[in-house]
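Mind the numbering: the sequence shown is residues 4 to 144 in our numbering, read in order.
All C-beta atoms in this analysis are idealised placements derived from N, C-alpha and C, irrespective of residue type, glycine included.
Read through the structure below, which is laid out as structure tokens, and then see the notes.
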Amino acid sequence: MTGVFTSPYESRVPVLRLGGVLLVTLQGDLHDGTAEQLQQDIGEMVADSGVAGVVIDLSGVEIIDSFMGRVLSDIASQTRLLAAQTVVAGMRPAVAITLVELGLTLPGLRTSLSTEEAMRDLGADAAHGLLGDGRTRRERP
4 MTGVFTSPYE
14 SRVPVLRLGG
24 VLLVTLQGDL
34 HDGTAEQLQQ
44 DIGEMVADSG
54 VAGVVIDLSG
64 VEIIDSFMGR
74 VLSDIASQTR
84 LLAAQTVVAG
94 MRPAVAITLV
104 ELGLTLPGLR
114 TSLSTEEAMR
124 DLGADAAHGL
134 LGDGRTRRER
144 P
């Protein structure tokens, strides 16, 4: 099943469902309110759809601040509790350097060099019924 979940409000980031994965592509700067709304939207969509994972494509993001780093970490924690994995794809070197300098290790986030690689990795995990910690979706508490 493929579908786009968007809102009539311009301040929301579109989330595309591709099979068992949600794809979020971030472009430019994200305002704090929009980032918080994205976190809420992803949580609701993961819970409602039962997808295996979320790919967040950061290739269009040139800089990141501590708030957005925390939001990414919170999204990963939230999706993990909902039996899904989060993969950040396409992170630019400057963004990675900034996150390290801010001391944000982003536990629970997997990374991929490209969106295609992230989708492939999540597809392989879903095909094998595995989550990042080696348990199956049915074994989740």
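- Contact between residue 93 and residue 60 holds: CB atoms are separated by about 5 Å, below the 8 Å threshold.
- Counting C-beta pairs closer than 8 Å gives fewer than three between the stretch 95-106 and the stretch 31-49, which falls short of the contact rule.
- In this structure, residue 23 places its C-beta atom within 8 Å of the C-beta atom of residue 54.
- The secondary-structure analysis by DSSP pairs residue 60 across a beta bridge with 28 and 92.
- If the five residues before and after residue 50 are omitted, its C-beta is found closer than 7 Å to the C-beta atoms of 85, all from its own chain and listed in chain order.
- Between residue 107 and residue 91, the CB-CB gap reaches or exceeds 8 Å.
- If one requires a minimum length of 3 residues, the beta strand (DSSP E) runs lying completely within the stretch 36-84 are 56-63, in chain order.
- In this chain, the beta strand (DSSP E) harbouring residue 115 covers 112-115.
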